[in-house]
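In the working numbering, the protein residues as written are 322 to 864.
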C-alpha cells in the first residue's frame, strides 16, 4: 500500500518541514565529510612525502646503495626499517635507477622490481598519490635519491596505509553524526512547534477547505448588499467590498492606504476609525444615509459594516409628510363639516344670499392661495410641496408664507433634490415654531433664480439657532429634538448641506431680524439655462 499524504494543513506542513530538515542535515553532513576525506588523504600524502625526503637526505643510504647489492641484511634495509618503525609508516622502499628494491617490509621482496612506476622520482620530481601495491592501498610519496654530487642514484618511496586514513575518518564520523542528529532534532522540534501553532490558527482544516473557504468568502463579500470594510491596527484599509466602494465612493486603489487618506474629515471617517463608538451609528456620505456598525478584531484591527438607509430615510420622511397631511385632512374634514353645517343653517333660514357669499368666500381663499403659489413657483413638484406643507402648517397653527420675491421657473434640473432641501428646512422650521406661545407663528419661504443658481431661504420666528451651534446643526446625528420612534433625528440638515456641496454650493444658518432663524441654501447650476439667457451670477452669490 502506498503511504497516504496527510490532508490536514498542519500535518502537511509538518511532513514537508521534517523532510526538508532531514534532507538539509544529510546534505550538510555529506558536504562536511567529502572535503574531510580529501583533506585526510592529502595529509597522509604529505606525511609520506616528508618521510621520503628525510630518508633521501641521509647521505649513508646513497653510499650504501652505490657500494653494495640488494641484501635483506644490508645497511640500506637496516636504515629503511629503522625509519619505518620510527615514523609508523607502512613501508620505506629504496630502489636503484633500475627500479630494484634495496629495502622492503617483506625481506623476500628485496632484489625484485617495484610494483609501481618509480619513473617520476627517477626523473628528479617529487610525486604523491594514492596507489595499490603489494602491501595494499596506501598514500604514497616518492622522491629522488641523490649522491653527494647531486646525481640521481635511485628513489625513495614511502607509504602510509590507507586503512589508517580511513580509521581517522571513521573515528570522526560519530561526532559528526551526533552534531547532525542534534541539528535534526532541533529542526524537528521547531517544525513541530510551527505546525502546532499553524494547527491552532487553521483550526485543523484541510488545504482544499482553505481554498473553498476563500472562494466562499470572496463570493459573500462581493455578493451581499451591505458594505464591508476591514482595517488593520494602523488604520489602513485591508478590504473594501464592491458595495462599500459604491457607498463610500472609493476605488480599488484604496486598499492598502490609510483610512484618513481616502475619506475626508468628518463623521463617516470618525465612525469607521472608531473615534465615535456605538451601534447602528448614522452618517451621511455623498447624499447617502448610512448605518455603520464596527467591531474590533483580535489583531488590533476592525471590521465595519455599512447599510444604505437612504431609501428608508426618504420613506420615513414621506411617512412624516403623509401623517402631517392626514392630520391636516382630518382637521379640514372637521372644518368642512362645520362649514357645511353653516351653509345648511343659512339655507334653512332662507338666507340664500348669505349662503352663496359664504361659499364663495371659503372656496376663493383656497383657490387664491394655490394660484399664488403656482404663479410664483412654476415647478409643479415644488409648488405641490408648498401647498401640502401649507395645509400641514395650518393644522399646526402656523402660517406658511411664500415671499413676494419668490420666482422659480420650470427649468429645475432635478426637482427631487430641491424637494429634499425645501422639505427638510420647512419641517425643521415648523417644529421650531409650532406650539410656542406667540400671537402668530409663521414660516416664510423664498425661492429665487439667479442665473442658473437657485437661492432658497426659509425663515421663521422661532427661538433661532445660537451662534455657537450654527455649524453643529449640519453635523450627522446632531439634533435637539427627541428621536421619532420610526427613525432617528439629526439627518435632515446634514442631507441639505451634502446636497448643496454636491452642487458646488453652500448651506448656512443665521439670525432673522426680529428673532428666529434664517436658513439659506445656494444650488449652483440647478437650473437649465435658456439659449438666450444670460447665465452670469451677480456678485455675492456663490456658484
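Ideal Cβ positions, reconstructed from N, Cα and C, are used throughout, including at glycine.
Please report the distance separating the alpha-carbon of residue i from that of residue j.
i           : j           : result
residue 827 : residue 557 : 32 Å
residue 391 : residue 423 : 5 Å
residue 440 : residue 379 : 21 Å
residue 409 : residue 427 : 16 Å
residue 597 : residue 548 : 19 Å
residue 386 : residue 371 : 21 Å
residue 445 : residue 363 : 21 Å
residue 447 : residue 499 : 40 Å
residue 367 : residue 503 : 34 Å
residue 772 : residue 699 : 16 Å
residue 686 : residue 616 : Because the pLDDT of residue 686 is 46, which lies under 50, any placement of that residue in the model is unreliable, and the question is left without a value.
residue 752 : residue 765 : 14 Å
residue 337 : residue 515 : 12 Å
residue 462 : residue 505 : 41 Å
residue 430 : residue 416 : 12 Å
residue 867 : residue 599 : With the chain covering only 322 through 864, there is no way to say anything about residue 867.
residue 464 : residue 414 : 11 Å
residue 666 : residue 697 : 38 Å
residue 564 : residue 610 : 14 Å
residue 543 : residue 829 : 39 Å
residue 807 : residue 586 : The predicted position of residue 807 is uncertain, since its pLDDT is 47 and thus under 50; a value taken from the coordinates is nonetheless stated next. Looking at the two C-alpha atoms, the distance is approximately 29 Å.
residue 601 : residue 784 : 31 Å
residue 673 : residue 693 : 30 Å
residue 538 : residue 545 : 11 Å
By the three-class DSSP mapping on this structure, what secondary structure does residue i have?
i           : result
residue 465 : strand
residue 689 : Any reading at residue 689 needs caution, since the residue's pLDDT is 46, under 50, leaving its predicted position unreliable; the model's value is listed next. Three-state result, residue 689: helix.
residue 704 : helix
residue 659 : helix
residue 564 : helix
residue 784 : coil
residue 421 : strand
residue 548 : strand
residue 864 : Caution is warranted here: a pLDDT of 42 is assigned to residue 864, below 50, making its placement in the model unreliable, and no coordinate value can be reported.
residue 678 : helix
residue 791 : coil
residue 435 : coil
residue 459 : strand
residue 599 : coil
residue 761 : coil
residue 816 : helix
residue 426 : coil
residue 740 : helix
residue 579 : strand
residue 720 : strand
Could you round the C-beta distance between residue i and residue j to whole angstroms and report it? I think they count as a contact, below 8 Å.
i           : j           : result
residue 782 : residue 835 : 7 Å
residue 749 : residue 814 : 7 Å
residue 376 : residue 401 : 7 Å
residue 588 : residue 612 : That pair is no contact at about 13 Å.
residue 762 : residue 718 : 7 Å
residue 472 : residue 442 : Rounded, the Cβ-Cβ distance is 14 Å, inconsistent with contact.
residue 460 : residue 369 : 5 Å
residue 552 : residue 620 : Not confirmed; about 10 Å, so no contact.
residue 780 : residue 838 : 7 Å
residue 389 : residue 395 : 6 Å
residue 733 : residue 847 : 6 Å
residue 769 : residue 795 : Contact flag wrong, Cβ pair sits at about 22 Å.
residue 399 : residue 466 : In fact, because the Cβ distance is near 16 Å, the residues do not count as touching under 8 Å.
residue 342 : residue 508 : 3 Å
Select from the options the residue whose C-alpha is nearest the C-alpha of residue i.
i           : options               : result
residue 844 : 375, 718, 739 and 574 : 739
residue 767 : 407, 755 and 724      : 724
residue 703 : 717, 729, 411 and 795 : 729
residue 339 : 535, 536, 513 and 848 : 513
residue 731 : 755, 505 and 701      : 701
residue 457 : 469, 438, 449 and 480 : 480
residue 562 : 580, 541 and 414      : 541
residue 420 : 482, 478 and 698      : 478
residue 735 : 784, 824 and 550      : 824
residue 695 : 680, 727, 574 and 673 : 727
residue 594 : 575, 550 and 610      : 550
residue 618 : 554, 829 and 578      : 554
residue 373 : 675, 449, 692 and 577 : 449
residue 451 : 482, 470, 510 and 425 : 482
Query - Cβ pair count under 8 Å reaching 3, the stretch 340-348 against the stretch 433-446 - result: When C-beta atoms of the stretch 340-348 are compared with those of the stretch 433-446, fewer than three pairs fall below 8 Å, so the two segments do not count as touching.
Query raised in the report: Given 8 Å as the limit, is there contact between the stretch 776-792 and the stretch 697-711, that is, 3 or more CB pairs closer than that?
Result: Output reads no: the stretch 697-711 does not touch the stretch 776-792.
Query raised in the report: Counting Cβ pairs, one atom from each stretch, are 3 or more of them under 8 Å apart for the stretch 784-798 and the stretch 730-748?
Result: Because the criterion of three Cβ pairs below 8 Å is not met, the stretch 784-798 and the stretch 730-748 do not touch.
Report task. Decide if the stretch 554-572 is in contact with the stretch 603-614; the criterion is three or more beta carbon pairs, one per stretch, under 8 Å apart. Result -> In short, these stretches touch, since the Cβ pair count reaches three.
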